[in-house]
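Engineer: Position one of the sequence shown corresponds to residue 926 (this note's numbering), numbered consecutively onward. All C-beta atoms, glycine included, are put in the ideal place defined by N, C-alpha and C. These numbers were taken from a predicted model, which means no experiment stands behind them.
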Amino acid sequence: MNNTIIQEIREITPLIHHITNQVVVNFSANGLLSFGGAPVMAKDEEETADMASNADGLLLNIGTLTANELSAMIQAGKAANEKGIPVVLDPVGVAATPFRRTAIKRILDKVEPTVIKGNAGELAHLVEIPWETKGVESVGEGNADEIASKVARTYQTAAIVTGKTDVICADGELLHNHTGHSLLGKITGAGCLLGSILTACLTTNETIGNQALAAVRFYGLAAEHAAEKPEVNGSGTFLPHFIDALAYDPAELEMT
């Protein structure tokens, strides 16, 4: 992992504009603050473009999307593209309903994401690869490398397929991350907060592949560290230790 990426974030404190899942707003804000970024949550169409223009990165997450928020996302995404700041698109549960499928098509028609991040079922849907899903969860099995590569090619972006092994496709190269812990799957919004961390990493002066790998590897290491605490007995006790671990020095986590 390129530890200088994490160090740079903590020096510059990038402002990350979120239009995200309402279930995870507090968790995402606190997690990003612990990591070293600065969150802002603005979702009204009247101000989203202005907020994106003042930010260092933009996260678009459709977890609890409404029609008004869709318009706001498009306006913010266009403003971010014009400014040249990174845009992360998280197509949460895109396969679940026609509304979500149509919304993602509209966003991708108007906005150029820097990275599209999601679980295998979500990203497989974007490129018409058969995959079993249940609500917003991916429950099928298949070739995550193929999915990441096809999403990257189809949308001319970087792609991250999250899972037991995270797969990154950036600039034609496949990268893999094996850090993480099963307790991440037992808390609401683990993938959503990862999107915040990823967006912050994309604000640094590195290649997208290195930035993405630093984000997912650090996130997984923080989870592993938190889970090893003797007082952690499950998801409830894991959560505060995980937030704490996001503030650690990467070298310290790698020594755990």
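#1: How close, in whole Å, do the beta carbons of Cys1117 and Asn986 come, if the pair is a contact with beta carbons under 8 Å?
#2: Can you tell me whether Arg1078 is buried or exposed? The criterion is at least 16 other CB atoms within 10 Å of its CB, across all chains shown.
#3: Quick check on DSSP: helix, strand or coil for Ile1054?
#4: Return the first residue and the last residue of the beta strand (DSSP E) that Gly870 is part of.
#5: Take Lys1035 as the anchor and find which of Leu1048, Ala1049, Ile999, Glu1156 has the nearest alpha-carbon.
#6: Going along the chain, which residues of its own chain have a beta-carbon closer than 6 Å to the beta-carbon of Ser1063, five neighbours each way excluded?
#7: Out of Thr989, Thr991, Pro1038, which one is the CA nearest neighbour of Lys1008?
#8: What is the residue span of the alpha helix (DSSP H) that Lys1008 lies within?
#9: If you draw a straight line from the alpha carbon of Ser1107 to that of Tyr1173, how long is it in whole angstroms?
#10: Does Phe1143 pass the burial test, meaning 16 or more other C-beta atoms within 10 Å, or should it be called exposed?
#11: Just mark Lys1075 as buried or exposed, buried being the case when its beta carbon has 16 or more other beta carbons within 10 Å.
#12: Using the rule of at least 16 other Cβ atoms within 10 Å of the residue's Cβ for burial, across every protein chain shown, is Asn993 buried or exposed?
#13: Run through DSSP, which three-state label would Ile930 get?
#14: Check this for me: beta carbons of Leu1164 and Ile1093, under 7 Å apart or not?
#15: Does the segment 1139 to 1158 come close enough to the segment 962 to 970 to have 3 or more Cβ pairs within less than 8 Å?
#16: Fully enclosed by the segment 930 to 959, which beta strand (DSSP E) runs are 3 residues long or longer?
#17: Would His873 pass as a contact of Ala977 if the rule is Cβ separation under 7 Å?
#18: With distance defined between alpha-carbon atoms, name the residue in Gly1161, Thr1027, Cys1126, Ala1170 nearest to Leu940.
#19: With DSSP as the reference, label Ala1084 as helix, strand or coil.
#20: What is the C-beta distance between Gly1114 and Val949, in whole angstroms, given that I count them as a contact (C-beta under 8 Å)?
#21: I think Gly1002 touches Ile1041, with their Cβ atoms under 8 Å apart; what is that distance to the nearest whole Å?
#22: With a threshold of 7 Å between beta-carbons, can Ala1152 be considered close to chain C, or not?
#23: Tell me the DSSP bridge mates of Asn1044?
#24: How should Ser1182 be labelled, buried or exposed, when 16 other C-beta atoms within 10 angstroms of its C-beta is the threshold for buried?
#25: Look up Leu1118 in the DSSP assignment and say whether it is helix, strand or coil.
#26: Which residue from Pro1016, Ile1010, Ser1160, Thr1129 puts its Cα closest to that of Val1086?
Structural biologist: Well, looking at it:
#1: About 6 Å separates the beta carbons of Cys1117 and Asn986, which is inside the 8 Å limit, making them a contact pair.
#2: A residue is called buried once 16 or more other Cβ atoms fall within 10 Å of its Cβ, and Arg1078, having fewer, is exposed.
#3: In the three-state reduction of the DSSP assignment, Ile1054 falls in the coil class.
#4: The displayed coordinates of the chain run from 926 to 1181. Any statement about residue 870 would go beyond what the structure contains.
#5: Of the listed residues, the one whose Cα sits closest to Lys1035 is Ile999.
#6: In this prediction, Ser1063 scores a pLDDT of 49, lower than 50, which makes its location untrustworthy; the coordinate-derived value is nonetheless stated afterwards. Here the set comprises Asn1044, Ala1045, Gly1046.
#7: Checked all of Thr989, Thr991, Pro1038; the closest Cα to Lys1008 is Pro1038.
#8: Residue range 992 to 1008 is occupied by the alpha helix (DSSP H) that includes Lys1008.
#9: Distance between Ser1107 and Tyr1173, taken at the CA atoms: about 20 Å.
#10: Taking all protein chains shown into account, Phe1143 has 16 or more neighbouring C-beta atoms within 10 Å of its C-beta and is therefore buried.
#11: By the 10 Å Cβ count, Lys1075 comes out buried.
#12: Asn993 comes out exposed.
#13: For Ile930, the secondary structure class from DSSP, reduced to helix, strand or coil, is helix.
#14: No, the pair does not count as a contact, with Cβ atoms beyond the cut-off.
#15: At 8 Å Cβ cutoff, the stretches do not touch.
#16: If only uninterrupted beta strand (DSSP E) runs of at least 3 residues are considered, those enclosed by the segment 930 to 959 are 940 to 944.
#17: Residue 873 falls outside the range modelled here, since the chain spans only 926 to 1181, and no answer is possible.
#18: Leu940 has its Cα closest to that of Cys1126, out of Gly1161, Thr1027, Cys1126, Ala1170.
#19: Ala1084 carries a strand assignment under DSSP once its states are collapsed to helix, strand and coil.
#20: The C-beta distance from Gly1114 to Val949 rounds to 3 Å, short enough to fall under 8 Å.
#21: The distance from the Cβ of Gly1002 to that of Ile1041 is about 12 Å, inconsistent with a contact at the 8 Å cut-off.
#22: Looking for chain C here will not work: only one protein chain is present.
#23: According to DSSP, Asn1044 bridges with Thr1087.
#24: Residue numbering for the chain in the displayed model covers 926 to 1181; residue 1182 lies beyond these limits and cannot be assessed.
#25: The three-state reading of DSSP puts Leu1118 in helix, counting H, G and I together.
#26: Just measuring C-alpha positions, the residue of Pro1016, Ile1010, Ser1160, Thr1129 sitting nearest Val1086 is Pro1016.
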